[in-house]
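Worksheet: one structure, shown below.
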Amino acid sequence: MDQMFAALARFSVRFKYPVAIAWIVITVVSIRAFPSLASVTKDTNSGFLPSSTPSIQASNLAAPFQNINFASAIIVVVRNDGPLTPADQAAIDRVAAIVKGLPNVKVVRDLGVSSDGKARQIVVQAQVQVSGTGSGKTLVDTIRQDFAMVNAPPGLAFHLTGELPTLVDTRTASSSSQGRTTSFSYLFIIVLLLIAFRALLAPLVTLLPAALVLGLSSPVIAATTRLGVEASSITQVILIVLILGAGTDYGLFLVFRVREELRHGRTPHDAVVQALTAVGETITFSALTVIAALLSLLLAEFGFYKGLGPALAIGIFLMLLAGLTFLPAILAIFGRAVFWPSNVSAMGGERPGIWGRVSTAAVHRPRTTLVLGVSFLVALALGLINASTTGFADQTTGPAGSDSAAGQAVIASHFPGASTNPTLILFRFSTPIWSHPATLSSAQQQLSGVHAFVSINGPLDPNGIPLSPAQLAQLHSTLGPPQLLPRIEPAGVHIPPAIYNAYRSESQFISPDGRTVQWSTVLRDNHTSSSHDLNEIPALRDTITAIGHRVGAEQTGVFGQMAFAYDVSHIATTDLFRIIPFVALVIGILLAVVLRSLVAPLYLVASVLLSYLAALGFTAIVFVHLGPDSGLNFVLPFLMFVFLMALGSDYNILVMTRIREEARKRPLRQAVSYAVGVSGSTITTAGMILAGTFAVLGLAAGNQSGADQIRQIGFGIAAGVIFDTFLIRTLLVPSVVTLLGRWNWWPSQLYHATLDEQPAEAAAHSTR
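First residue of the sequence shown? That's 166 in my numbering, and the numbers climb one at a time after it.
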């Protein structure tokens, strides 16, 4: 394997200019040829649920009422200083007329004035892209611009909210957050690298491959979505910190080793070749552990995880290729100038420094170090007690300060009925309900007896005017489907206006074909942050199924935020327990291959698991027990495990391969002290950079939708990396290696060749 990396290094050094130019050209061409990642992402948790889940099946039942082929928006207009005036109403009518004439707009429907007379709603439905980009964003921007074109009276405020505007505002806030994350990450990494290298070019050269791959990976991942890879908006954010953090780590592994080889007296080209020969395997297996952990997400049922894994794995794979080819070429081009003005002249190699003294103290008291370190991490892990998970439902309002959020606040204030979070109960019959309307009465009676419902509204009371089953049948016979009726009663129809309007409202509850009927309910236990409330959903579904069977429905469904939240919670938890053992096994196998040992992977994987639990407990202490959050976001345990298991193994591989390298030349205790001493600056710098970039992710989350989720992910992973860097890799692992002695390398040749320190000291004493 060393020969393979030596050959790759010689190729990259010999053809340094063509290699560097090829990478730049490929990146530029990919950016121009492929779509942006932002244009292909999904923005809802429920959008990633499998088609077999009850929520998705209920969504299909609700399709006749949801206009799923159209994107929807709500124009909400309010006068806070009094009721709407005739001039206000005229201005609103002008806006409605303008919007109705816009391209792709299919429906403009007036929902009327609020009971206090201060606000009015208009629903807009259009056949546009349901996302925060493309034709959907164009429509939202156009409608908002049109608000200023109608010469509205002073004091009249227009807002655009609903599904489509919320997505647009969320994407805008997310893009702003991504920009801050990228800028702050670059700044943080450059400053830290300047301190670590005390050189001007070294930080830029180390960071350049990661920056290049960040530009390349986004369009490449976007192109793979045509092959079925899914991506969410959080994929874009995590991709930034993962590529910049992990990519800089791989760069540090190589650049620090090049500096070490220069200090051994090698020429710049020879130093690059020797460095890549020495750490090429480390970089490769570090990347492979991350890729393997990410690809294991393909086993998940939740599409959010399934799409996140392959997308990020593509980015890491590109980072690996750049680290093994582009970075050596750049180092060969600049030579010693990379480290100017620091001294890289021949000085006998690296000096262990402070980490050499720390590791020496640790290996002289390995049991004490191990017990104290494990006790500290276990104490932090206890923070998980009484910390539930939350955040299962989709975002229903726009980012704070956005127009869509302001519009939603107006609706909540002036249309309280519309601001509730209804749960829809759906029955699908084999024949139109108009032929057996008495079924509605039976279903209404049984649903009214369900304790889970605080209120229920359905076809027998569509808008506050009760209608009997016989009246419904007669009205249908006279007027036809309610969906086709005009707002004003046609001439020649002699039906009281209240009854006519009530029948028109039946379009909310009875589908055009008459076979699907829905009831709008408010649940008694309706908090997505409560595990107790979520766990009531399966029993409710069973109850609805039983009622549906009794009234002759062939299909039933429960459609709403709580139902989606339960399904997301259930699938996410199932995925966590399915994938944790698999990831641990795969990474253990990779560690066994790179270390040629069956013993070392056991405690290395255990150390990462301990670091993971400690970081998760620490996050619970900060955000839940001491902070304002009601629980840990449901994606946090899963993502933290995958990232910490993979990224923590990077440092495992770096320190253990260096210990193995030194163990061939000196007694084990000395090998551990020296290896940790010379690699300590690499590990701590890499760990601080990786932790810092994830911390920046949390700090830069801003007010975008899902900011709490991003903060927890950023700070949680940052905490885990810090524990890994300063406790696990530099103290606990060296202590375990010292205690196990030559058994670390069993059954490799090094197991038979390694001499423990005690026999070596005894032999030296015997010689004297």
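All C-beta atoms in this analysis are idealised placements derived from N, C-alpha and C, irrespective of residue type, glycine included.
These figures come from a predicted structure and were not determined experimentally.
Practice task
Please work out which residues of its chain come closer than 7 angstroms, Cβ to Cβ, to Leu249, disregarding the five sequence neighbours upstream and downstream, and give them in chain order.
Solution key: Val278, Gly282, Lys283 and Arg285
Handout entry: Where the alpha helix (DSSP H) through Phe742 begins and ends
Key = Gln726 to Leu760
Practice task
Buried or exposed for Lys471, please, with buried defined as at least 16 other CB atoms from any protein chain shown within 10 angstroms of its CB.
Solution key: buried
Practice task
Using alpha carbons as the reference points, say which of Phe323, Gln611, Ile355 and Asp568 lies closest to Leu369.
Solution key: Ile355
Handout entry: Spatially closest choice to Gly566 from Asp334, Phe674, Gln683 and Phe469, by CA coordinates
Key = Asp334
Practice task
Check whether the Cβ atoms of Val751 and Ala322 lie closer than 8 angstroms to each other.
Solution key: no
Problem - Enclosing beta strand (DSSP E) for His324 [first to last residue] - result: Leu321 to Thr326
Handout entry: Residue ranges of each alpha helix (DSSP H) within the region 641-700, 4 or longer
Key = 662-669 and 696-699
Exercise for the section: List in chain order: all unbroken alpha helix (DSSP H) runs of 4+ residues lying wholly within the region 373-431. Expected result: 398-428
Problem - For Arg706, the first and last residue of its enclosing beta strand (DSSP E) - result: First-last for Arg706: Ile702 to Val716, but that is the alpha helix (DSSP H), not the beta strand (DSSP E).
Exercise for the section: Could you say which of Leu304, Gly299 and Ser280 lies nearest to Gln290 if we only look at CA atoms? Expected result: Leu304
Exercise for the section: Starting from the Cα of Ala728, find the closest Cα among Ile786, Leu755, Leu774 and Thr588 and give me that residue. Expected result: Thr588
Exercise for the section: Evaluate Met169 with the Cβ neighbour count: other Cβ atoms within 10 Å of its Cβ, from every protein chain shown; 16 or more gives buried, anything less gives exposed. Expected result: exposed
Exercise for the section: Could you tell me whether the region 378-388 touches the region 433-446, using the rule of 3 or more Cβ pairs below 8 angstroms? Expected result: no
Exercise for the section: Sort out for me which residues DSSP pairs Leu483 with in a bridge. Expected result: For Leu483, which the question treats as bridged, DSSP gives no partner whatsoever.
Practice task
Would you mind stating whether Ala238 and Leu325 have Cβ atoms separated by less than 8 angstroms?
Solution key: yes
Exercise for the section: Could you please give me the residues that DSSP links to Leu797 through a beta bridge? Expected result: Thr554
Exercise for the section: Compare the beta carbon distance of Leu819 and Thr847 with 8 angstroms and say whether it is the shorter of the two. Expected result: yes
Exercise for the section: Measure the Cβ-Cβ separation of Gly327 and Arg244 and say whether it is below 8 angstroms. Expected result: no
Handout entry: Separation of Ile621 from Gln611, as counted between CA atoms
Key = 11 angstroms
Problem - Inter-residue spacing [alpha-carbon to alpha-carbon] between Trp911 and Ile824 - result: 15 angstroms
Problem - Residue interval of the beta strand (DSSP E) (run including Gly782) - result: Unbroken run through Gly782 is the alpha helix (DSSP H), Ala765 to Ala785; no beta strand (DSSP E).
Practice task
May I ask whether a heavy atom of the ligand FMN can be found less than 7 angstroms away from the beta carbon of Phe450?
Solution key: Ligands displayed in this structure: none; no statement on the ligand FMN is therefore possible.
Problem - For Ser237, the residue or residues it bridges with in DSSP - result: Gln290
Handout entry: Nearest-angstrom Cα separation, counted from Ala375 out to Phe499
Key = 18 angstroms
Handout entry: Cβ-based burial, Phe450 [other Cβ within 10 Å; buried from 16]
Key = buried
Problem - Pairwise C-alpha distance: Asn798 and Ser177 - result: 44 angstroms
Problem - First through last residue of the alpha helix (DSSP H) which encompasses Gly623 - result: Looking at the DSSP string, Gly623 is not in any alpha helix (DSSP H), and its letter there is neither H nor E.
Problem - Cβ pair Tyr777, Met810 closer than 8 angstroms - result: yes
Exercise for the section: Kindly indicate which three-state DSSP category Ala284 falls into: helix, strand or coil? Expected result: strand
Handout entry: Gln835, DSSP secondary structure in three states
Key = helix
Problem - Beta-carbon proximity check, Val770 vs Gly796, cutoff 8 angstroms - result: no
Handout entry: Helix, strand or coil at Pro200 [DSSP, three-state]
Key = coil
Handout entry: Limits of the unbroken alpha helix (DSSP H) element including Asp889
Key = Careful: Asp889 lies outside any alpha helix (DSSP H) and carries neither H nor E.
Handout entry: Local Cβ density within 10 Å of Asp246, reported as buried at 16 or more and exposed below that
Key = exposed
Exercise for the section: Could you check the C-alpha separation between Val272 and Val288 for me, to the nearest Å? Expected result: 8 angstroms
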